[in-house]
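Everything below concerns the one structure shown next.
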Amino acid sequence: MTPQDTPQDTPQESGPANDKQNPDVSDSAEDPTFAPSETSPEPVLDVTTEAAPEGDPAEAADAPDGEAESAAPNISPEEMAASRIAELEAETAELNDKLLRALAETENVRRRAQRDREDASKYAIKGFAEDMVRVADNMGRALASIDADARAADANMENLAVGVEMVNKELMSAFERAGVKPIEAMGARFDPMLHEAMFEIQDPDQPSGTVTQVMEDGFTLHGRTLRAAKVGVTKGGPKVTPPKEGDETAAEPAKREGQQAYEAQGDAPPEAGGQVDQEL
329 MTPQDTPQDT PQESGPANDK QNPDVSDSAE DPTFAPSETS PEPVLDVTTE
379 AAPEGDPAEA ADAPDGEAES AAPNISPEEM AASRIAELEA ETAELNDKLL
429 RALAETENVR RRAQRDREDA SKYAIKGFAE DMVRVADNMG RALASIDADA
479 RAADANMENL AVGVEMVNKE LMSAFERAGV KPIEAMGARF DPMLHEAMFE
529 IQDPDQPSGT VTQVMEDGFT LHGRTLRAAK VGVTKGGPKV TPPKEGDETA
579 AEPAKREGQQ AYEAQGDAPP EAGGQVDQEL
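So the sequence shown is residues 329 to 608, counted in my numbering.
Here is the structure:
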């Protein structure tokens, strides 16, 4: 047997150096629960990195609320309920007010639309009626041109006059059915809503502003002036006492205003003339 084949025992050095090279051997030998495994050991997590930081932010955020609650005054449930009821009542009152206003506005719009429809229906013939009153004017002029003596002397003239009168009467009946009515101006007080003053006549016996002459008849359509009557009025006469406030109608203020204007013209110097004369 050669020296190479002879097994030689290699002594293992023990000491600190060997312990440093295998640090886990001694620990595993001392640990009775240590069991060697063929797989590599799992890495040990560093629990210090996963530990919650000192002072939890959630707790820190809750701290001011707690302090605020402790600082807030103590309110009883009854007081809180009463305060809430008052808020709800105020909100309900506001909503009721808005609702009433909306309903009122809706009702006004409905009435306005209904009035517009009625006006459109009633005054739809205004243009046609204005043309027809001119026909009535010509019929009246034709009757006025026929002398009474000529009618009595000539039977044909009488028949013609009777025919014109019948046509004029039928025309006035058609006007009335359509809501067109003539304005009774002769002898009436001047009304600026119904009359158009063309001239003034000095008459100390008649009250100032009395219609003494009608140059052209006026007409109304459902109470609204279709054409104002062209008239002559008096001035210089006695003044008429205006009615009391309780006795006035809706049209009296306008009538009184026109009457006072003509009375003021009657008191003006003759060389100054009336307002109507100056306009003419």
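The C-beta atom is built at its ideal place from N, Cα and C for all residues, glycine as well.
As the structure is a computational prediction, the values presented were derived from the model and not from experiment.
Residue burial classification, residue i (beta-carbon count within 10 angstroms, cutoff 16)
i	result
residue 430	exposed
residue 513	buried
residue 409	exposed
residue 536	buried
residue 434	exposed
residue 505	exposed
residue 420	exposed
residue 461	buried
residue 549	buried
residue 412	exposed
residue 552	exposed
residue 437	exposed
residue 554	buried
residue 472	exposed
residue 515	exposed
residue 565	buried
residue 448	exposed
Own chain residues within Cβ distance below 6 Å of residue i, not counting five before or after
i	result
residue 510	545, 547
residue 489	474, 479
residue 492	470, 471
Residue span of the beta strand (DSSP E) that contains residue i, given as start and end
i	result
residue 442	Here residue 442 belongs to no beta strand (DSSP E); instead the alpha helix (DSSP H) covers 405-450.
residue 557	557-563
Residues near residue i in its chain [Cβ-Cβ closer than 7 Å; skip 5 each side]
i	result
residue 415	none
Contacts around residue i, its chain only, beta-carbon distance under 8 Å, and the 5 residues preceding and following it disregarded
i	result
residue 529	540, 541, 560, 561, 562, 563
residue 445	none
Where the alpha helix (DSSP H) through residue i begins and ends
i	result
residue 454	454-473
Determine contact between the stretch 490-507 and the stretch 517-529, defined as no fewer than three beta-carbon pairs at a distance below 8 Å. Three or more beta-carbon pairs separated by less than 8 Å are not found between the stretch 490-507 and the stretch 517-529, which leaves the two stretches without contact.
Could you give the uninterrupted runs of the alpha helix (DSSP H) lying entirely in the stretch 501-527, keeping only those of 4 residues or more? None, since the stretch 501-527 contains no complete alpha helix (DSSP H) of that length.
Decide if the stretch 441-450 is in contact with the stretch 466-479; the criterion is three or more beta carbon pairs, one per stretch, under 8 Å apart. By the C-beta criterion, the stretch 441-450 is judged not to be in contact with the stretch 466-479, since fewer than 3 inter-stretch pairs fall below 8 Å.
Contact between the stretch 524-536 and the stretch 500-508 (3+ Cβ pairs under 8 Å): Contact fails between the stretch 524-536 and the stretch 500-508, because fewer than three Cβ pairs, one in each stretch, are under 8 Å apart.
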